[in-house]
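Numbering (our numbering), first residue to last: 32 to 104. The beta carbon of each residue, even a glycine, is placed where N, CA and C say it ideally should be. A short worksheet on the structure shown next.
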């Protein structure tokens, strides 16, 4: 298996059926994705929703920006 190129998100390859560790990496990736998108407390979700609407974005787009950049818009 080769190292992914720069800028790759590190997700599991979709065409890696012959790799013995493919199912493990897929499981870890799905677990991390679920943890990252865990529903926040009500107050935080409402604050994010209000700010997203102010910026003309969806809640999911706004939350993704927070996760990618590590800071609020």
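Beta-carbon separation (whole angstroms), residue i vs residue j, contact threshold 8 Å
| i | j | result |
| --- | --- | --- |
| residue 81 | residue 89 | So it is not a contact: roughly 13 Å between Cβ atoms. |
| residue 76 | residue 98 | In fact, because the Cβ distance is near 14 Å, the residues do not count as touching under 8 Å. |
Straight-line gap, residue i to residue j (C-alpha atoms, nearest Å)
| i | j | result |
| --- | --- | --- |
| residue 95 | residue 72 | 17 Å |
| residue 70 | residue 91 | 11 Å |
| residue 20 | residue 102 | Not covered by the structure: residue 20. The range shown for the chain is 32 to 104. |
| residue 62 | residue 74 | 25 Å |
| residue 60 | residue 86 | 30 Å |
| residue 58 | residue 104 | 32 Å |
| residue 65 | residue 37 | 24 Å |
| residue 40 | residue 34 | 12 Å |
Test item: CB-CB of residue i and residue j under 8 Å
| i | j | result |
| --- | --- | --- |
| residue 79 | residue 93 | yes |
- Along the chain, which unbroken stretches of the beta strand (DSSP E) at least 3 residues long are found entirely within the segment 76 to 101? Segments of the beta strand (DSSP E) lying fully in the segment 76 to 101: there are none.
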